[in-house]
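>
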Amino acid sequence: MQIAGSRLSFRWAFLTGQKCTYPSLAKLHLSGALCQKEVNKYTIPDVPEMPLCSFSPEEYKGMSKERMLDIRRQNCNPMTLKVTYYKKPVFIHQGYMQWLWDVDGRRYLDLFAGVATVSVGHCHPKVVATAEQQLKKLWHTTNIYVYPTLHEYCEKLASYLPDPLKVIYLTNSGSEANDLAMLMARLHTGNYDIITFRGSYHGGGPQTLGLTSNAAYKYPVASGLGCTNTMCPDVFRGPWGGSHCRDSLVQTTRDCSCAQGHCMANEHYIEQLKETLATSVPTRIAGFFAEPIQGVGGAVQYPKDFLKEAYKLVRERGGICIADEVQTGFGRTGSHFWGFQGHGVIPDMVTMAKGIGNGFPMGAVVTTPEIAASFASGVHFNTFGGNPVACAVASSVLDTIQEDKAQKVSLDVGTYLLKELAKLRDKYEIIGDVRGKGLMIGVEMVTDKTSRKPLPSGEMAEIFEDVKDMGVLIGKGGVYGQIFRIKPPMCITMEDANFFLAVFDKSLHNHMTKR
56 MQIAGSRLSF RWAFLTGQKC TYPSLAKLHL SGALCQKEVN KYTIPDVPEM
106 PLCSFSPEEY KGMSKERMLD IRRQNCNPMT LKVTYYKKPV FIHQGYMQWL
156 WDVDGRRYLD LFAGVATVSV GHCHPKVVAT AEQQLKKLWH TTNIYVYPTL
206 HEYCEKLASY LPDPLKVIYL TNSGSEANDL AMLMARLHTG NYDIITFRGS
256 YHGGGPQTLG LTSNAAYKYP VASGLGCTNT MCPDVFRGPW GGSHCRDSLV
306 QTTRDCSCAQ GHCMANEHYI EQLKETLATS VPTRIAGFFA EPIQGVGGAV
356 QYPKDFLKEA YKLVRERGGI CIADEVQTGF GRTGSHFWGF QGHGVIPDMV
406 TMAKGIGNGF PMGAVVTTPE IAASFASGVH FNTFGGNPVA CAVASSVLDT
456 IQEDKAQKVS LDVGTYLLKE LAKLRDKYEI IGDVRGKGLM IGVEMVTDKT
506 SRKPLPSGEM AEIFEDVKDM GVLIGKGGVY GQIFRIKPPM CITMEDANFF
556 LAVFDKSLHN HMTKR
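Encoded structure:
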């Protein structure tokens, strides 16, 4: 009877995240069974208790899960069903910092942050207080009028960017920002063609779909005229790569014969870009879009000097260079506030969204006075761009990043995660690569390390579901859906990291025992 009661207490502790009162049973499996003797070459990992959280969510009293699913099928667009990641959907009710609660009161460690969007934490008290104060003052006027929050925010955001990137256009999303950047690049240069990487994602609108290079987002209609995709310099999955190509603590396990300070992979990928410029676009182009680290593509990193050389080639053709910082910006990479700074380049234009508002809909294009002047010949107006509440929230987010030292958290916890995930890569045959910077991390899954073939979607889904069932939410990405994406709010702790590592280790063990 004591054991039965202990099991119930342990399961309740797991579901709620409260401290278990039966430490002697801490090695129970989540099924309630005692750990069994090792049956294969992998050591059975223990899953520790979920880290404590002092916040208590409200009791959910809304509509039933069944009713929500009925509405999702009947009234929400069909894509909401297509992007519901799990076989057993997660019904989220409330969030606080790095935690989410479902309608049943179960707590989850959120390591995807609404697709790298919740930068400083769900419902961060400082940001919530700022939003509440602004809601009592002014909701909306448009920038026809002059109001403080717009100007305070533009000045503050500009201070985070190097010269001459000081002119700001505020939008409502990253797709909208990239669409505007395309137009501005074409007007400024007088040219039309734009180059992006294969595997990239820059939006899903009629124009930005041309920039995006992933079949999952493509439709059999004309879109993105004038957009050309070139080979992505992916040193793990691409034809060239080695053991010290990228700016990361963790390198690929591919063999490398390059001399110190010399990267043959970089030279090969630059030659591919030169070939694209010679064969696929006119002699004069409008621009080049690149994420400093690919987001939807799966935290793909390029050789260290690639962007420097690529920017030079693009500018020689009359094009401007656009850094898509929608996922990498605002300190997420840890070492720098902006991803492009890690490449030692200054773009002509920067687009951003997601983390800019901690989940509040907002985006921006930042460019130079010269490029902005080229765009001033007509009228550009955005009804909700620069909304007073959005600007107040975004300003508070910048302050909170500094006050909470969120960039340092990204660096410290991200560094730890990368090192520990690399150990799991060495332990499990199905982890092909671990990469990233700060809290922008990708774990590429393969059938085996030799072939590097993507792990089939069914196996990915099984691991994904298992991680969720143990209380952690992560993302997926990659051209073949083979990459786990770890991009949490920048407020997670080392204890949170260790909990995730144990859960991930356990889920991989579970999968390997079934193979």
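Counting in this note's numbering, the sequence shown runs from 56 upward without gaps. Positions of the beta carbon are idealized from the N, C-alpha and C atoms, including for glycine. Quick caveat: nothing in here was measured; it's all calculated off a predicted structure.
Could you check whether I547 and R540 sit closer than 9 Å to each other, using their CB atoms as the reference points?
Your numbering for residue 540 matches position 485 in the sequence shown. Your numbering for residue 547 matches position 492 in the sequence shown. Against a cut-off of 9 Å, the Cβ pair of I547 and R540 comes out as no contact.
> Once the 5 residues before and after W67 are set aside, which same chain residues still bring their CB inside 6 Å of it?
Here residue 67 refers to the residue found at position 12 of the sequence shown. Bear in mind that the predicted position of W67 carries a pLDDT of just 41, short of 50, making it unreliable; the figure below should be weighed with that in mind. Around W67: no qualifying Cβ.
> What's the C-alpha gap between L193 and A431?
Numbered from 1 along the sequence shown, position 138 holds the residue referred to as residue 193. Numbered from 1 along the sequence shown, position 376 holds the residue referred to as residue 431. Looking at the two C-alpha atoms, the distance is approximately 28 Å.
> Rounded to whole angstroms, how far is the Cβ of P288 from the Cβ of P358, which I believe are closer than 8 Å?
Here the question's residue 288 lines up with position 233 in the sequence shown. Here the question's residue 358 lines up with position 303 in the sequence shown. Going by Cβ atoms, the distance from P288 to P358 rounds to 6 Å, so yes, they are a contact pair.
> Alpha carbon to alpha carbon, what distance is there between G493 and D467?
Numbered from 1 along the sequence shown, position 412 holds the residue referred to as residue 467. Numbered from 1 along the sequence shown, position 438 holds the residue referred to as residue 493. The straight-line gap from Cα to Cα measures roughly 7 Å.
> Given this structure, state the Cα-to-Cα distance separating A341 from E484, to the nearest angstrom.
The residue labelled residue 341 in the question sits at position 286 within the sequence shown. The residue labelled residue 484 in the question sits at position 429 within the sequence shown. Approximately 44 Å, taken between the alpha carbons.
> Roughly how many whole angstroms lie between the Cα atoms of G433 and G399?
Taking the sequence shown and counting its residues from 1, one reaches residue 433 at position 378. Taking the sequence shown and counting its residues from 1, one reaches residue 399 at position 344. Whole-angstrom Cα-Cα distance: 34 Å.
> Could you check the C-alpha separation between S587 and I348 for me, to the nearest Å?
Residue 587 lies beyond the stretch modelled for the chain, which goes from 56 to 570, so this question has no answer here.
> Let me check one thing: in DSSP terms, what residues is Y224 bridge-paired to?
Counting from 1 along the sequence shown, the entry for residue 224 is found at position 169. Bridge partners of Y224: V420.
> Indicate the three-state DSSP secondary structure (helix, strand or coil) for G353 in the structure shown.
Within the sequence shown, numbered from 1, the residue matching residue 353 stands at position 298. In the structure shown, G353 sits in coil (DSSP, three-state: anything other than H, G, I, E or B).
> Roughly how many whole angstroms lie between the Cα atoms of G394 and A232?
Translated into the one-based positions of the sequence shown, residue 394 becomes position 339. Translated into the one-based positions of the sequence shown, residue 232 becomes position 177. Rounded to whole angstroms, G394 to A232 spans 17 Å at the Cα level.
> Please classify Y151: does DSSP put it in a helix, a strand, or coil?
Against the sequence shown, residue 151 aligns to sequence position 96. Three-state DSSP puts Y151 in a strand.
> As an exercise, report each continuous alpha helix (DSSP H) stretch of at least 4 residues that is fully enclosed by the stretch 337–396, in chain order.
361–371
> Thinking C-alpha only, which one of Q462, K561, G353, Q537 is nearest M545?
Mapped onto the sequence shown, residue 545 falls at position 490. Looking at the Cα atoms, Q462 is the closest of the given residues.
> Can you give, in chain order, each stretch of the beta strand (DSSP E) that sits fully within the stretch 157–188 and has at least 3 residues?
162–165
> Quick check: the stretch 412–428 against the stretch 235–255, are at least 3 beta-carbon pairs closer than 8 Å?
yes
> Buried or exposed for V201, please, with buried defined as at least 16 other CB atoms from any protein chain shown within 10 angstroms of its CB.
For the purposes of this step, residue 201 is taken as the residue at position 146 of the sequence shown. Flag for V201 reads exposed.
> How many whole angstroms separate the CB atoms of V182 and V381, which I take to be in contact at a CB cut-off of 8 Å?
Counting from 1 along the sequence shown, the entry for residue 182 is found at position 127. Counting from 1 along the sequence shown, the entry for residue 381 is found at position 326. Going by Cβ atoms, the distance from V182 to V381 rounds to 19 Å, so no, they are not a contact pair.
> Name the two residues that bound the continuous alpha helix (DSSP H) containing R122.
Along the sequence shown, one-based indexing puts residue 122 at 67. 120–129 is the extent of the alpha helix (DSSP H) around R122.
> Taking its Cβ as the centre, do 16 or more other Cβ atoms sit within 10 Å of M134, making it buried, or is it exposed?
By one-based count along the sequence shown, residue 134 stands at place 79. When all chains shown are included, M134 counts as exposed.
> Count the other C-beta atoms from every protein chain shown that fall within 10 angstroms of the C-beta of T185, then say buried if there are 16 or more, exposed otherwise.
By 1-based counting over the sequence shown, the position of residue 185 is 130. Burial call: buried.
> Quick test of your reading: F385 and S174, contact by CB under 8 Å. State the CB separation rounded to the nearest angstrom.
On the sequence shown, residue 385 is found 330 positions in, with the first residue counted as 1. On the sequence shown, residue 174 is found 119 positions in, with the first residue counted as 1. 5 Å between Cβ atoms; contact.
> Under 8 Å by Cβ, that's how I've got G491 and A320 pegged, so tell me the actual separation to the nearest angstrom.
To locate residue 491, count along the sequence shown from 1; it is residue 436. To locate residue 320, count along the sequence shown from 1; it is residue 265. That belief does not hold up - the Cβ atoms of G491 and A320 are roughly 18 Å apart, past 8 Å.
> Would you mind reading off the limits of the beta strand (DSSP E) that contains G487?
Along the sequence shown, one-based indexing puts residue 487 at 432. Counting along the chain, the beta strand (DSSP E) containing G487 begins and ends at 486–492.
> How would you label H206, buried or exposed, when you count the other beta carbons within 10 angstroms and need 16 or more for buried?
Here residue 206 refers to the residue found at position 151 of the sequence shown. Here H206 is exposed: its Cβ has fewer than 16 other Cβ atoms, across all protein chains shown, within 10 Å.
> Reducing DSSP to helix, strand and coil, say where T196 ends up.
Within the sequence shown, numbered from 1, the residue matching residue 196 stands at position 141. The answer is coil: DSSP assigns T196 none of H, G, I, E or B.
> Going along the chain, which residues of its own chain have a beta-carbon closer than 7 Å to the beta-carbon of N517, five neighbours each way excluded?
As a position in the sequence shown, residue 517 is number 462, starting the count at 1. In the sequence on display, residue 517 carries Glu and not Asn. H566, listed in sequence order.
> Kindly identify the DSSP beta-bridge partner or partners of V501.
As a position in the sequence shown, residue 501 is number 446, starting the count at 1. According to DSSP, V501 bridges with P509.
> If you draw a straight line from the alpha carbon of Q537 to that of F519, how long is it in whole angstroms?
The sequence position of residue 537 within the sequence shown is 482, counting from 1. The sequence position of residue 519 within the sequence shown is 464, counting from 1. So the alpha carbons of these two residues sit roughly 11 Å apart.
> Could you pull the start and end residues of the beta strand (DSSP E) that F436 belongs to?
The residue given as residue 436 occupies position 381 in the sequence shown. Per DSSP, F436 lies in no beta strand (DSSP E) and is assigned neither H nor E.
> What is the DSSP secondary structure of S562, reduced to helix, strand or coil?
Here residue 562 refers to the residue found at position 507 when the sequence shown is read from its first residue. Reduced to three states, the DSSP call for S562 is helix.
> So G374 and M105 are supposed to be a Cβ contact under 8 Å. How far apart are they, rounded?
The count along the sequence shown starts at 1 and reaches residue 374 at position 319. The count along the sequence shown starts at 1 and reaches residue 105 at position 50. Incorrect: roughly 50 Å between the Cβ atoms, too far for contact.
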